[in-house]
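Colleague: Residues in the sequence shown are numbered from 1 upward in steps of one, following UniProt numbering.
Even glycine gets a Cβ: it sits at the ideal position worked out from N, Cα and C.
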Amino acid sequence: MQSITATLEVPFTSKFNKTAVSSATGYQKNRCRLFFSSSTIFQRSPRRRSFPIKSSLSVRNKDVRKREPPNHLKDGVVIVDHGSRRQESNLMLNDFVAMFKSRTGYQIVEPAHMELAEPAIKDAFRRCVQQGANHIIVSPFFLLPGRHWYKDIPALVAEAAGEHSGISYIITAPFGLHELMVDVMNDRIKHCLSHVAGKADECSMCAGTGRCHLY
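1. Enumerate, from N- to C-terminal direction, the unbroken beta strand (DSSP E) stretches of 3 or more residues contained entirely within the stretch 114 to 183.
2. In chain order, what residues of the same chain have a beta carbon less than 8 angstroms from the beta carbon of residue 119, not counting five sequence neighbours either side?
3. Here's the rule: buried if 16 or more other CB atoms are within 10 angstroms of the residue's CB, otherwise exposed. What is residue 98?
4. Looking at residue 161 and residue 74, is the spacing between their C-beta atoms short of 8 angstroms?
5. Considering only residues of the same chain and omitting the five flanking positions on each side of residue 200, which have a CB-CB separation below 8 angstroms?
6. Beta-carbon within less than 6 angstroms of residue 212's beta-carbon, same chain only, minus the 5 sequence neighbours each way: which residues are those?
7. Could you spell out where the beta strand (DSSP E) holding residue 75 opens and where it closes?
8. In this structure, how does DSSP classify residue 110 when only helix, strand and coil are distinguished?
9. By alpha-carbon positions, which one of 88, 100, 87 ends up nearest to residue 141?
10. Report back the beta-carbon spacing between residue 117 and residue 83 to the nearest angstrom; my notes put them in contact at under 8 angstroms.
11. So, residue 198 versus residue 131, is the Cβ gap smaller than 8 angstroms?
12. Since residue 122 contacts residue 159 with CB under 8 angstroms, what's their CB separation in whole angstroms?
13. With distance defined between alpha-carbon atoms, name the residue in 156, 125, 144 nearest to residue 115.
14. In this structure, how does DSSP classify residue 213 when only helix, strand and coil are distinguished?
15. Which first and last residues belong to the alpha helix (DSSP H) in which residue 98 is found?
As structure tokens, then:
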């Protein structure tokens with residue numbers, strides 16, 4: 001199986017790259033690799049499922065600008081969430097993709113849903129290739145590295161990659177214990193408490209649902 005370590009290819013700053021593979025999730029280092037379609041898939045399962053409290057995913061990455069890939073690679077990003085029967089939830093991923101694209105400078109960014117909704121992972125993968133990408137970065141819009149991250153998504157991405165020759169891909173880590181997640185949660189708490197106290201309108205997440213109130 002032909003592969004090179006993902007540390008050389010992940011489009012983040014070097015501060016993140018040095019530790020991302022070694023300790024980001026507590027899984028084996030060879031879980032995070034760059035694979036070449038169409039003959040390779042994830043073949044190893046993690047031997048353990050314990051995650052360090054202090055993870056390298058908590059490293060604050062202040063520079064969100066895109067690192068230029070090697071000349072022979074053109075990046076395409078697939079941002080994949082779980083998918084929902086509630087269409088309003090699925091549409092929110094489109095909004096996040098637009099935000100991500102404008103903030104990072106990636107030109108090829110497509111949304112995908114693991115299940116229950118379209119576009120599927122294979123559809124987003126194909127759209128990236130059609131736009132000229134030959135290096136697909138699949139980034140799960142997931143909080144923690146559970147079954148979907150280490151089994152379901154890799155299987156679906158491998159199936160999608162099998163339909164295209166000469167395309168490399170990588171599946172990045174989920175959000176995990178990133179420090180900024182603390183800020184996000186604290187912001188949500190403050191805003192919801194302000195709304196309940198009558199000092200603020202509902203946030204965009206709760207607007208129209210009537211769910212943000214004391215029970």
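Modeller: So, from the listed chains and residues:
1. 135 to 140, 168 to 171
2. 110, 111, 112, 113, 127
3. exposed
4. no
5. 191, 194
6. 192, 195, 202, 206
7. 75 to 81
8. strand
9. 100
10. 4 angstroms
11. no
12. 6 angstroms
13. 156
14. coil
15. 87 to 104
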